[in-house]
Amino acid sequence: MRLIGMLDSPYVRRTAIGMACLHVPFTHEAVSVISTFEDFARINPVVKAPTLVCDDGTVMMDSTLILQFIEATATQGRTLWPGDPRALQQDFRAVSLALAACEKAVQTLYESKLRPADKQHAPWLARVNRQLAAALHALNTDVGQRGATYGRDGSPQFNHASITAAVAWQFIHSVQPEVASPHAHRALQAHSTLMEATEPFRRLPPVGPGVQPPSA
């Protein structure tokens, strides 16, 4: 399988790290939806990252759906979701908060970096930043309240909640440090530091070309 997209995208990176933690072999291709748009379009005309090209040539998108497909077809029953319904509810909420924060950060990034300054709409940016701040606050609270889910006794736990929270924080802190302040989000910062030091995170850093694919 081929995973297409840049690892500085939190959606691509959470997919890659999730697949690595599930021990599913894949090849990563660092193709940008911006700087190499036409190259991406030749793989997937929709030009959406991440894109997964399956072994039979089928192309699919969306990080959550890709990971769901991987767990359903390629892991022999391994999963990064908890089996207990209450724990599953909590992890779903954590992942939804992290993805919402990423979505709002991307919207802000596109509005402020790609749209001409005279075309930017300040009230829209203020609203999106408010949503981003709320999502980060809720996620930080969640990480702080149930550290056993994210990392127990200093040992990182690899699951969809822990991976997505760490990936989201790294991305948002890098693109909007004024919103993602480590001082105001101590639990997220500590969790990120823990996860970024692990082998899967170090093997798949938030950069472009040159990232080695994980082995089975």
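In my numbering, the protein residues as written are 21 to 236.
Quick reminder that beta carbons are idealized off the backbone N, C-alpha and C, glycines included.
Check, Outcome
"Where Arg166 falls: helix, strand or coil (DSSP)", "coil"
"DSSP three-state assignment for Pro176, whether helix, strand or coil", "strand"
"Other residues of its chain near Glu216: CB distance less than 6 Å, five sequence neighbours each side excluded", "none"
"DSSP three-state assignment for Ile54, whether helix, strand or coil", "coil"
"For Tyr130 and Ala146, the rounded distance between their alpha carbons", "14 Å"
"DSSP beta-bridge partners of Val73", "Arg22 and Val79"
"As assigned by DSSP and simplified to three states, the class of Thr218", "coil"
"Strand pairing of Thr47, partner residues [DSSP]", "Arg22"
"Ser25 vs Ile183 beta-carbon contact at 7 Å", "Reading off the sequence shown, one finds Gly at residue 25, where the question assumed Ser. No, they are not a contact pair."
"Contact check, Trp189 vs Leu208, beta carbons under 7 Å", "yes"
"Proximity test, Ile54 beta-carbon vs the ligand GTP heavy atom, cut-off 6 Å", "Within the structure as shown, the ligand GTP is missing, as the structure has no ligands at all."
"Under 7 Å between C-beta atoms of Ala155 and Ala186", "no"
"Burial state of Gln109, where buried means 16 or more other Cβ atoms lie within 10 Å", "exposed"
"For Asn64, three-class secondary structure by DSSP", "coil"
"CB-CB length for Val53 against Ala69, believed under 8 Å", "5 Å"
"Top-ranked residue by Cα proximity to Glu49, from Met21, Leu42 and Gly164", "Met21"
"Cβ pair Asn160, His205 closer than 7 Å", "yes"
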